[in-house]
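All remarks here apply to the structure that follows.
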Amino acid sequence: MRPRILIVDDHEVVRQGVRSVLSHARPEWEICGEASDGKQAIEAVQRLKPDVVILDITMPSISGLQAAPQIAKLNKDCRILIFTMHESERITKDVRAAGAHGYVQKSQAGRDLIVAIDALLAGGTFFGGTARKKPEGDIPPGISFCWVCVATG
Amino acid sequence: MSTSKFPGLGAAFVPPVTQIPDEHTGHTVQFYADDAFLLDGLSRFIGTALGAGDAAIVIATQAHREALERRLQARGLATAKAMRQGRFIVLDATETLQKFMVEGFPDAARFREILSNVVVRARSAVEQGARVVAFGEMVALLWEDGKHDAAIRLEQLWNELGKEHSFFLHCAYPIKGFSNDHHSEPFLKICSEHSDVIPSDSYTSLDSHAEQRRNIALLQQKEQAHDALRETKTRLENEIAERKVAEQKLRTSERSLRELSGRLLQMQDDERRHLGRELHDSVGQYLAVLKMGLEVLRADKSSAGTPEKQQFSECLRLVDQSITEVRTMSYLLYPPMLEEMGLEMAIGWYLEGFSKRSGVRTSFEMPQPVGRVHRDAELAIFRILQESLTNIHRHSGSPTAQVRLIKTDRELTIEIHDQGAGIPTPVLESAQDACGTIGVGLRGMTERMRQLGGKLEVISRTTGTTVRAILSCQ
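Residue numbers (our numbering), protein chains in the order written: chain A, 41 to 193; chain B, 207 to 680.
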């Protein structure tokens, strides 16, 4: 089955940019939908059941960091990638606390976006420009996040 | 004895009475500064009457009654015998007054009933042709009590009683009770209720006519000086009133200046917020997408090392630089995190960027979670942090800064502490003084806090400065 990707950003030009990057690099992925704010994102995740949601932070109604914990709760299988203009070392901590699995700066999309989605689709994480693979062995998916905390913390 | 005749003076000058006259009827008033002066005159007045077989009525205070009695006895008068004969009647002024006062005012009917009875009793104790003299200071008690209208009314009631009965009445007031300007009018009224006025001791105790004239001239000069003083007083009062109006105007203009500066701060905030958002949300996003597009294009080109490839790399480098510039500017103007995630996150992110830009090491401590407070309060706290950090970077020379954000049930406090050189005293003072031209940043911070009902404390030592902003959260 083709991996399903949901793109959430309040700027259409960004959504188009992401589409273009993804379709060039991984034409086999399916862009299953788009949303332009946090509320729509939550609704779209329930409806479309994507494998990965690319989530902007700064958006009208609720922000990406507020939407992420709700998405994680609603759909445990959905991997969340925060995709943002914000650039800070601190953001890693805040993104993890929100229950997301990875974070890519918009300015580094060309370098990081595909690598990050690949890592997430494989059950791993992507923080601070580095991908981490899903741990070996038969560990339930819910635990993988804890493993990441220990490994990088 | 009357001293109404001064030979050689001519008709134009009638000197004032200096002693109580020995007439059958009349109503004199005396003003006195010294009790001894009053009692001397009084013992002469009553003593002469009693000695001549006349009747005397004394309505006085206890102190005056006792002193008078001692003086009369010293003159060799048998006061007790005269009392037994019923021609020396002594009454207490306060007690007698209470008998006819109704709601703070003398009642005409009661007065007539009580006092005519006393006069008739005195009259019946002496032979035909003898005088009845009286001394009263109930009016003085009323005056002292501030009941000026009642005192004047009582004088009038005595005059009415004088129309029914033949007696000579003498009243006395302490002159110190007439020390105000507004006493002039009732003073004249009191004088006009009497057939004669005896000036106070300063005049009557003078023994030559020349001295008395000098005294009158002196009094006239004093009156002149007093008038001039009164004019000065009026002018001063007017000046004070004008100054008060001017002060009020100044306060009003200060207030409107404050309001104006408040509005300017608000406008500046709005403008910064708008520009910051615009840069971050619009220009920043376009640049990011531009970079994505360029990178997709670069991936398509396989010819490494060609001039086009180099040109591409240069374009990407410029885009990267633009992205960094725009982000820095937008964060300085308005941190997007503040509105979305609140103070805790915005301060953390801001400190990180500040340390990178300035090289000042920062720490951030928050004993309890702060959560969200009002947008204006968050912005004010954030701006104070920005302003303080800018000061630390530019002026203090401190290599480090510590930030604490403390929330209690009642207050939200931010503390920014450094280990720098401290703020020079003139700068600190001018921040409090609205006329100063330096310390504008400090004044801006103070104004922000004032508008939100909070306060700003700046403690500056040579070993470092602490800026503390406290806002009420209720």
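We treat Cβ as the ideally placed atom computed from N, Cα and C, and that holds for glycine. As the structure is a prediction and not an experimental result, all values here were calculated from the model.
Whose CA, out of B:His623, B:Ser666, B:Gln427, lies closest to the CA of Pro632 of chain B?
Among B:His623, B:Ser666, B:Gln427, the Cα nearest to that of Pro632 of chain B is on B:Ser666.
With 8 Å as the limit, tell me which residues of the stretch 539-557 of chain B have their beta carbon closer than that to any beta carbon of chain A; keep them in chain order.
Result list: Pro542, Met543, Glu546, Met547, Met551, Gly554, Trp555.
Can you give the Cα-Cα distance for Glu391 of chain B and Arg649 of chain B, rounded to whole angstroms?
Rounded to the nearest angstrom, the two C-alpha atoms are 57 Å apart.
When you check each C-beta in the stretch 77-105 of chain A against every C-beta of chain B, which residues fall closer than 8 Å?
Residues Ile97, Thr98, Ser103, Leu105.
How far does the alpha helix (DSSP H) with Thr440 of chain B in it reach, from first residue to last?
Start and end: 415-483.
Are the Cβ atoms of Leu367 of chain B and Ser330 of chain B separated by less than 8 Å?
The answer is no: Cβ separation not under 8 Å.
Strictly by DSSP, which residues pair up with His623 of chain B?
DSSP lists B:Gln608, B:Thr672 as partners of His623 of chain B.
Leaving out five residues on either side along the sequence, give the residues of the same chain with a beta carbon under 6 Å from the beta carbon of Ala640 of chain B.
Legend: pLDDT at Ala640 of chain B = 47, less than 50; position of this residue unreliable, value from coordinates given subsequently. Excluding positions up to five away in sequence, the list is empty.
Contact between the stretch 150-165 of chain A and the stretch 489-505 of chain B: three or more CB pairs below 8 Å?
The stretch 150-165 of chain A vs the stretch 489-505 of chain B: in contact.
Suppose the cutoff is 8 Å on Cβ atoms and the five residues either side in sequence are ignored; what does the same chain contact list for Ala108 of chain A look like?
Contacts found: Leu95, Ile120, Ile122, Val135, Ala138, Gly139, Ala140.
Three or more C-beta pairs closer than 8 Å, one from the stretch 613-623 of chain B and one from the stretch 667-677 of chain B: is that the case here?
Verdict: yes, contact present.
How many Å lie between Leu274 of chain B and Val264 of chain B at the Cα?
So the alpha carbons of these two residues sit roughly 10 Å apart.
Identify every residue that forms a DSSP beta bridge with Thr243 of chain A.
Since the first residue shown for chain A is 41 and the last is 193, residue 243 of chain A is missing from the structure and cannot be characterised.
With a cut-off of 8 Å on the beta carbons, I'd call Gly482 of chain B and Ser536 of chain B a contact; round off their distance for me.
Indeed they touch by this definition, with Cβ atoms about 5 Å apart.
Helix or strand or just coil, what does DSSP make of Ile131 of chain A?
Ile131 of chain A falls in the helix class under three-state DSSP.
Could you tell me whether the Cβ of Arg478 of chain B comes closer than 8 Å to any Cβ of chain A?
No, Arg478 of chain B does not count as interfacial toward chain A.
Rounding to the nearest angstrom, what Cα-Cα distance links Gly142 of chain A and Ile154 of chain A in this structure?
Answer to the nearest angstrom: the Cα atoms are 12 Å apart.
If you scan the stretch 338-372 of chain B from start to end, which runs of the alpha helix (DSSP H) of 4 or more residues do you find wholly inside it?
Segments of the alpha helix (DSSP H) lying fully in the stretch 338-372 of chain B: 344-350, 354-370.
In angstroms with no decimal places, state the Cα-to-Cα distance between Phe518 of chain B and Arg504 of chain B.
Spanning the two alpha carbons is a distance of roughly 7 Å.
Can you give me the C-alpha to C-alpha distance between Gly187 of chain B and Val324 of chain B, rounded to a whole angstrom?
Since the first residue of chain B shown is 207 and the last is 680, residue 187 of chain B is not available in this structure.
If the cut is a Cβ gap below 8 Å, which residues of chain A does Gly499 of chain B touch?
Result: Gly57, Ser60.
Which bits of chain A does Val495 of chain B rub up against, with CB to CB less than 7 Å?
Chain A residues near Val495 of chain B: Val53, Val54, Gly57.
Against chain A, with Cβ distances strictly below 8 Å, would Ala640 of chain B count as a contact?
With a pLDDT of 47 at Ala640 of chain B, under the threshold of 50, the modelled position of this residue cannot be trusted; read the value that follows with caution. Cβ-Cβ to chain A under 8 Å: no for Ala640 of chain B.
Would you list the residues sitting across from Tyr409 of chain B in a DSSP beta bridge?
According to DSSP, Tyr409 of chain B bridges with nothing at all.
Which residues of chain A have a Cβ atom closer than 9 Å to the Cβ of Arg533 of chain B, listed in chain order?
Met125, His126, Glu127, Ser147, listed in chain order.
Using a Cβ-Cβ cut-off of 7 Å (strictly less than) and excluding sequence neighbours within five positions of Ser561 of chain B, which residues of its own chain qualify?
Hits under 7 Å: Arg567, Thr568.
To the nearest whole angstrom, what separates the beta carbons of Ala81 of chain A and Ile111 of chain A, a pair I think is in contact under 8 Å?
7 Å between Cβ atoms; contact.
Given Leu256 of chain B, which residues of its chain have a CB within under 8 Å of its CB, disregarding the five upstream and five downstream residues?
Within the same chain, Leu256 of chain B has close Cβ partners Ala262, Leu278, Leu283, Thr285, Ala288, Arg293, Phe294.
Do Ala75 of chain A and Val48 of chain A come within 8 Å of each other at the CB atom, strictly closer than that value?
Against a cut-off of 8 Å, the Cβ pair of Ala75 of chain A and Val48 of chain A comes out as a contact.
Should the stretch 599-610 of chain B be called in touch with the stretch 576-586 of chain B, which here means at least 3 C-beta pairs below 8 Å?
The stretch 599-610 of chain B, when compared against the stretch 576-586 of chain B, does not touch it at the 8 Å Cβ threshold.
Tell me whether Arg469 of chain B is buried or exposed, calling it buried when 16 or more other Cβ atoms sit within 10 Å of its Cβ.
Arg469 of chain B is exposed by the Cβ-count criterion.
Interface residues of chain B around Gly142 of chain A at Cβ under 8 Å?
Neighbours of Gly142 of chain A on chain B: none; closest Cβ ~17 Å, over 8 Å.
Drop a sphere of 10 angstroms on the beta-carbon of Lys455 of chain B, count the other beta-carbons inside from all chains shown, and report buried for 16 or more, exposed for fewer.
So Lys455 of chain B ends up on the exposed side.
Any residues in the stretch 574-597 of chain B with a beta carbon nearer than 8 Å to a beta carbon of chain E? Which ones, in chain order?
Given the protein chain composition of this structure (A and B), no chain E is represented.
Which residue comes first and which comes last in the alpha helix (DSSP H) that contains Pro573 of chain B?
Counting along the chain, Pro573 of chain B falls outside any alpha helix (DSSP H), and DSSP gives it neither H nor E.
In or out: Asn597 of chain B buried (at least 16 other Cβ within 10 Å) or exposed?
Asn597 of chain B is buried by the Cβ-count criterion.
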